[in-house]
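Read through the structure below, which is laid out as structure tokens, and then see the notes.
Residue numbers (our numbering): 506 to 742.
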């Protein structure tokens with residue numbers, strides 16, 4: 506008796522590609538920059554420059570787990586992790602290749618070092634925090650879906666984000682910048698990042714819900730992770 510062929514989905518690969526794109530851009534552009542804005546009432550706020558973009562990856566993670574299940578989201582997480590590893594390797598090679606001897610490269614190389622010559626702590630922090638936070642987010646969402654019998658999507662989206670972003674934000678900044686930034690600034694950035702990401706995902710819930718409903722309808726899939734192996738290192742769906 507032959508095993509049934511794996512299901513084919515219309516939008517799964519597209520969501521995976523969008524997820525990896527957002528992940529790479531948010532980690533390569535601005536992750537190491539501490540920015541400041543002065544807001545009415547609140548005053549001066551310090552935050553990581555990727556703040557407005559990285560939470561989009563969590564929205565994709567919520568959609569993937571809710572529609573396709575933990576196992577398929579796990580594959581996307583590992584695809585993103587592999588992309589981060591390759592980007593870190595490529596950045597290291599490009600930065601350390603001897604530059605051509607001309608005036609343009611003499612001026613350009615220091616800027617290349619500043620933008621892509623991330624320390625091992627930033628690279629390690631990005632990859633470890635991403636994996637830990639993404640798996641925590643997906644696990645909580647999958648378990649809450651079973652516990653609520655598929656109801657209260659808003660509570661599951663926000664609840665999983667609260668856990669996942671706490672893990673991601675805390676792990677990244679502690680690995681990357683503890684002992685480098687002043688402790689007061691480090692704590693302020695962690696709190697700002699965490700609160701904004703959580704609030705933003707709550708604000709984006711109506712759009713997330715529409716995308717989830719659309720995908721469930723066109724894909725004919727509404728996965729419940731009953732009996733799922735939640736080992737993050739397994740590649741089985």
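All C-beta atoms, glycine included, are put in the ideal place defined by N, C-alpha and C.
1) From this set, 616, 615, 597, 579, which residue's C-alpha is nearest residue 740's C-alpha?
2) Alpha carbon to alpha carbon, how far is residue 506 from residue 512?
3) Using a threshold of 8 Å, state whether the C-beta atoms of residue 651 and residue 563 are closer than that.
4) In the DSSP output, which residue or residues are listed as bridge partners for residue 540?
5) So, under 8 Å CB-CB, residue 552 and residue 540 are touching, yes? Tell me the CB distance rounded to an integer number of Å.
6) Going by DSSP in three states, residue 683 sits in which element: helix, strand or coil?
7) Using the Cβ count rule (16 or more neighbours within 10 Å means buried), how would you classify residue 610?
8) Can you give the beta carbon distance from residue 719 to residue 695, rounded, assuming they're within the 8 Å contact cut?
9) Give the range of the alpha helix (DSSP H) segment to which residue 601 is assigned.
10) What is the rounded straight-line gap between the Cα of residue 714 and the Cα of residue 606?
11) I'd like the list of long-range same chain contacts for residue 521, defined as Cβ closer than 7 Å, with 5 residues on each side in sequence excluded.
12) Flag this pair as yes or no: are the beta carbons of residue 592 and residue 559 separated by less than 8 Å?
13) Just verifying my parser: in three-state terms, what is the DSSP assignment at residue 506?
14) Does the region 659–675 come close enough to the region 622–636 to have 3 or more Cβ pairs within less than 8 Å?
15) Just the Cα atoms here: how many angstroms apart are residue 685 and residue 518?
16) What would DSSP say about residue 739, mapped onto helix, strand or coil?
17) The alpha helix (DSSP H) with residue 711 in it runs from where to where?
18) Which residues in the same chain have their Cβ closer than 8 Å to the Cβ of residue 588, if we skip the five residues on either side of it in sequence?
19) On the three-state DSSP scale, how would you describe residue 728?
20) With DSSP run on the structure shown, which of helix, strand or coil describes residue 664?
21) Return helix, strand or coil for residue 547, following the three-state DSSP convention.
22) For residue 680 versus residue 622, is the C-beta spacing smaller than 8 Å?
23) Buried or exposed for residue 468, going by 16 or more other Cβ atoms inside 10 Å?
24) Which value, in whole angstroms, describes the spacing of the CA atoms of residue 565 and residue 625?
25) Quick one: measure Cβ to Cβ for residue 570 and residue 646, integer angstroms, because I've assumed they're closer than 8 Å.
Looking at the atomic coordinates:
1) Here residue 740 is taken as the residue at index 235 of the chain shown, counted from 1. Minimum Cα distance to residue 740 is reached at 579.
2) Mapped onto the chain shown, residue 506 falls at position 1. Mapped onto the chain shown, residue 512 falls at position 7. Confidence is the limiting factor: at residue 506 the pLDDT is only 47, short of 50, which leaves the residue's position unreliable and the question unanswerable from this model.
3) Translated into the one-based positions of the chain shown, residue 651 becomes position 146. Translated into the one-based positions of the chain shown, residue 563 becomes position 58. Against a cut-off of 8 Å, the Cβ pair of residue 563 and residue 651 comes out as no contact.
4) In the chain shown, the residue the question calls residue 540 occupies position 35. In the DSSP output, where bridge partners are listed per residue, residue 540 has 552.
5) Counting from one through the chain shown, the residue named residue 552 turns up at place 47. Counting from one through the chain shown, the residue named residue 540 turns up at place 35. Taking 8 Å as the upper bound for CB-CB distance, residue 552 and residue 540 are in contact here, some 6 Å apart.
6) Residue numbering aside, residue 683 sits at position 178 when the chain shown is read from its first letter. Correct three-state label for residue 683: strand.
7) One-based indexing of the chain shown puts residue 610 at position 105. With fewer than 16 Cβ atoms within 10 Å of its Cβ, residue 610 is classed as exposed.
8) Counted from its first residue, the chain shown places residue 719 at position 214. Counted from its first residue, the chain shown places residue 695 at position 190. Between residue 695 and residue 719 the Cβ distance is about 35 Å, and since that is not below 8 Å, they are no contact.
9) Sequence index remark: in the chain shown, residue 601 carries index 96 (1-based). Element bounds for residue 601: 575–601.
10) What you label residue 714 is simply residue 209 of the chain shown in a count that begins at 1. What you label residue 606 is simply residue 101 of the chain shown in a count that begins at 1. Residue 714 and residue 606: Cα-Cα distance of roughly 55 Å.
11) For the purposes of this step, residue 521 is taken as residue 16 along the chain shown, with counting starting at 1. Result list for residue 521: 581, 584, in chain order.
12) Residue mapping note: residue 592 aligns to position 87 of the chain shown, counting from 1. Residue mapping note: residue 559 aligns to position 54 of the chain shown, counting from 1. No; because the gap between Cβ atoms is not below 8 Å, this pair is not in contact.
13) Along the chain shown, read from residue 1 onward, the residue named residue 506 stands at position 1. Here the model assigns residue 506 a pLDDT of 47, short of 50, so the residue's position is not dependable, and the following value carries that caveat. Coil.
14) yes
15) Position 180 of the chain shown, counting from 1, holds the residue named residue 685. Position 13 of the chain shown, counting from 1, holds the residue named residue 518. Computed Cα separation, rounded: 39 Å.
16) Position 234 of the chain shown, counting from 1, holds the residue named residue 739. It is coil, neither helix nor strand.
17) Locating residue 711 in the chain shown gives position 206, where the first residue counts as 1. Segment 710–724, the alpha helix (DSSP H) holding residue 711.
18) Taking the chain shown and counting its residues from 1, the one referred to as residue 588 is at position 83. Cβ within range, chain order: 525, 528, 529.
19) Residue mapping note: residue 728 aligns to position 223 of the chain shown, counting from 1. DSSP places residue 728 in coil when its eight states are reduced to three.
20) Residue numbering aside, residue 664 sits at position 159 when the chain shown is read from its first letter. Helix at residue 664.
21) In the chain shown, counting from the first residue as 1, residue 547 sits at position 42. Coil.
22) Along the chain shown, one-based indexing puts residue 680 at 175. Along the chain shown, one-based indexing puts residue 622 at 117. Not in contact: residue 680 and residue 622 (Cβ atoms no closer than 8 Å).
23) Missing from the structure shown is residue 468; the chain here goes from 506 to 742 and no further.
24) Position 60 of the chain shown, counted from the start, is the residue given in the question as residue 565. Position 120 of the chain shown, counted from the start, is the residue given in the question as residue 625. Those two C-alpha atoms are separated by around 27 Å.
25) Locating residue 570 in the chain shown gives position 65, where the first residue counts as 1. Locating residue 646 in the chain shown gives position 141, where the first residue counts as 1. Right, the Cβ-Cβ distance comes to about 5 Å (below 8 Å), so this counts as a contact.
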